[in-house]
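Asker: Can you read through this structure? Questions will come right after.
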Amino acid sequence: MKHLYVILTLIIGLGSLSLRAAETPAFDIPDMEKIEEAVRDSRSPYYYPDLLKKYFGNDTTMTLQEFRHLYLGYASQEDYNPYREVKVPEHIERLYLQTIHTESECDSLIKYARKILADIPLDLRQINFLVYGLRQKGKNREADVWDYRLKGIINAILSTGDGKAPETAWYVIYPTDEYNIVNRQGFTATEFVFVEPYFDYIAIESNPLKIEGFYFNVKKLLKEYNRKFYDR
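Position 207 of the sequence shown, counted from 1, bears residue number 206 in numbering that gives the first Met the number 0, the numbering being contiguous throughout.
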């Protein structure tokens with residue numbers, strides 16, 4: 000299913016947005032323990048309920064550090080499940096496979112994206128689809144806000160490393176985010192490999208930059224999943 004979503008994102012024209020040419024922040028490897036402490040501390044400027052309120056409050060002044068704590072800190076929330084499976088209705092799957100959508104079909108894409116985001120607020124796939132649907136409907140002001148959120152999350156991920164080696168791997172909290180990062184830089188994933196002890200490696204198609212693939216750090220993802228669902 001994750002490969003299907005990769006294809007769909009490219010089909011609707013959102014995955015082709017290249018971040019290679021965009022200005023991206025210098026990377027700063029995160030201290031996940033400090034981030035967890037900060038998002039749990041009600042006196043902290045990164046207290047998670049406050050961050051989430053700011054995120055959903057149409058605030059377009061969030062800093063990179065706020066987005067880093069918002070994204071990475073979500074893995075410390077009790078409702079976090081990195082492998083949560085969402086069964087997509089058949090009529091929505093059919094819409095994902097189309098390249099052109101009617102107004103009513105865009106309404107369906109928007110409605111479904113909102114439903115998922117109400118439960119999984121940092122789902123990059125659904126934010127992609129929501130931005131697309133809103134743009135098609137001419138609701139550019141709201142689309143701009145969601146696009147700002149999307150770019151903020153993506154820059155937060157890119158700020159955690161450069162993806163070139165395990166030591167500088169990008170940190171992600173969902174496996175599907177790996178494919179979003181790869182696609183939005185204009186590359187196509189060809190193979191997935193788990194690298195001990197806690198890295199995912201995504202190989203990509205041959206390209207002019209001669210990049211073979213990218214590493215992703217999934218230590219927190221695995222730790223939380225094992226704590227909540229496996230170690231019981």
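We put the CB at the ideal spot given by N, CA and C, even for glycine.
1. Using 8 Å as the threshold, is the region 170-188 in touch with the region 84-96, meaning 3 or more CB pairs across them?
2. Between the region 30-40 and the region 52-61, can you find at least three pairs of beta-carbon atoms closer than 8 Å?
3. Decide yes or no for the touch test of the region 130-141 against the region 151-163: beta carbon pairs closer than 8 Å, at least 3 of them.
4. Is it buried or exposed for Lys219, if we count other Cβ within 10 angstroms and need 16 for buried?
5. Among the residues of its own chain, which have a CB less than 6 Å from the CB of Tyr47, if the five just before and after it don't count?
6. Among the candidates Asp30, Asp199, Asn216 and Thr187, whose CA atom is the shortest distance from the CA of Pro207?
7. Touch check for the region 102-111 and the region 143-156: three-plus C-beta pairs under 8 Å?
8. Please state whether DSSP places Glu211 in a helix, a strand or coil.
9. Check the DSSP bridge columns for Glu190 and list the partner residues they point to.
10. Per the contact definition of three or more C-beta pairs closer than 8 Å, is the region 112-129 in contact with the region 197-216?
11. Just curious, the alpha helix (DSSP H) that Lys110 is in, first and last residue?
12. Helix, strand or coil, according to DSSP, for Tyr82 in the structure here?
13. Alpha carbon to alpha carbon, how far is Leu96 from Leu51?
14. Do the CB positions of Leu94 and Asn127 come within less than 8 Å of each other?
15. Mind checking whether Arg67 and Ile119 have CB atoms under 8 Å apart?
16. Any idea what DSSP makes of Tyr170, helix, strand or coil?
17. Taking Asp146 as part of the alpha helix (DSSP H), name the residues at either end of that continuous run.
18. So what's Asn57 in DSSP terms, helix, strand or just coil?
19. Do Pro81 and Tyr224 have their beta-carbon atoms positioned less than 8 Å apart in this structure?
Answerer: For this structure:
1. no
2. no
3. no
4. buried
5. Val38 and Gly72
6. Thr187
7. no
8. coil
9. Ala202
10. no
11. Glu102 to Asp118
12. coil
13. 32 Å
14. no
15. no
16. strand
17. Asn139 to Leu157
18. coil
19. yes
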